[in-house]
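Trainee: Attaching a single structure in structure tokens format; questions to follow.
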Amino acid sequence: MLNKTKVNVLPCSGIGKAFGTISRWAAFEIKENLKPENAELLCLARLVTGDDESVAKVHHNYNITIDGCSKRCAYKHLLEKDAEVSKSFLVAKFLVKNRDLKVNTRNVSDPGQDGQQLAKRIGIEISELIDELVSVHGEA
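Our numbering puts the sequence shown at residues 227 to 366.
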């Protein structure tokens with residue numbers, strides 16, 4: 227059994243969609259501020275094109291996806307690479323749980339302050355899962 231100490235965070239590419247932007251913001255929040263030592267940020271485009279390094283990472287680490295829409299591209303592409311998905315998240319479900327936030331979905335490149343706040347909340351929840359995953363091996 228592999229000693230998994232890293233968690234890959236794979237946001238959707240969702241360019242042109244506000245929820246895609248929020249998924250990427252959440253992933254950056256996790257990697258840059260919340261779990262820099264345990265999280266690896268993966269690029270969906272590199273995985274889709276079969277980049278050897280990306281494919282190896284998804285087979286040797288835990289994997290979490292953050293999808294912006296119901297197409298769930300990040301999740302589906304992990305499965306296509308025969309990778310195990312530890313947990314898959316959908317931005318819209320977080321929005322339902324955070325009704326106090328009014329995300330600007332019309333501006334796809336900047337969903338506003340509430341969009342940033344939602345990304346931070348998503349990051350915090352996912353960071354707790356990262357702690358659980360890596361603590362299995364005493365690495366948290």
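The beta-carbon is built from N, C-alpha and C at its ideal position, and this holds for glycine as well.
Since the model is a prediction, treat every value here as computed from it, not as a measurement.
Taking the alpha-carbon positions, what's the Asp278 to Arg332 distance?
Mentor: Taking the straight line from one Cα to the other gives about 36 Å.
Trainee: Thinking C-alpha only, which one of Leu273, Val322, Val329, His285 is nearest His303?
Mentor: The option with the nearest alpha carbon to His303 is Leu273.
Trainee: Any idea what DSSP makes of Lys307, helix, strand or coil?
Mentor: Correct three-state label for Lys307: coil.
Trainee: Could you name each continuous beta strand (DSSP E) segment of 3 residues or more that falls completely within the region 281-362, going from the start of the chain to the end?
Mentor: The region 281-362 contains these whole beta strand (DSSP E) runs: 288-293, 313-316.
Trainee: What is the rounded straight-line gap between the Cα of Ile356 and the Cα of Ala265?
Mentor: Whole-angstrom Cα-Cα distance: 8 Å.
Trainee: Check the DSSP bridge columns for Glu266 and list the partner residues they point to.
Mentor: Paired residue(s): Asn234.
Trainee: If you draw a straight line from the alpha carbon of Asp326 to that of Lys307, how long is it in whole angstroms?
Mentor: In a straight line, the C-alpha of Asp326 is about 38 Å away from that of Lys307.
Trainee: Within a Cβ cutoff of 7 Å, which residues of the same chain sit near Gln343, ignoring the five residues on either side of it in sequence?
Mentor: The residues are Leu327.
Trainee: Would you call the CB atoms of Asn252 and Ile348 closer than 7 Å?
Mentor: A small correction: the amino acid at residue 252 is Ala; Asn does not occupy that position in the sequence shown. For Ala252 and Ile348, yes; Cβs fall inside 7 Å.
Trainee: Secondary structure at Lys261, three-state DSSP: helix, strand or coil?
Mentor: In this structure, Lys261 counts as coil in the three-state DSSP scheme.
Trainee: Measuring CA to CA, which of Ile290, Ile350, Leu321 is closest to Cys238?
Mentor: Out of Ile290, Ile350, Leu321, Ile290 has the C-alpha closest to the C-alpha of Cys238.
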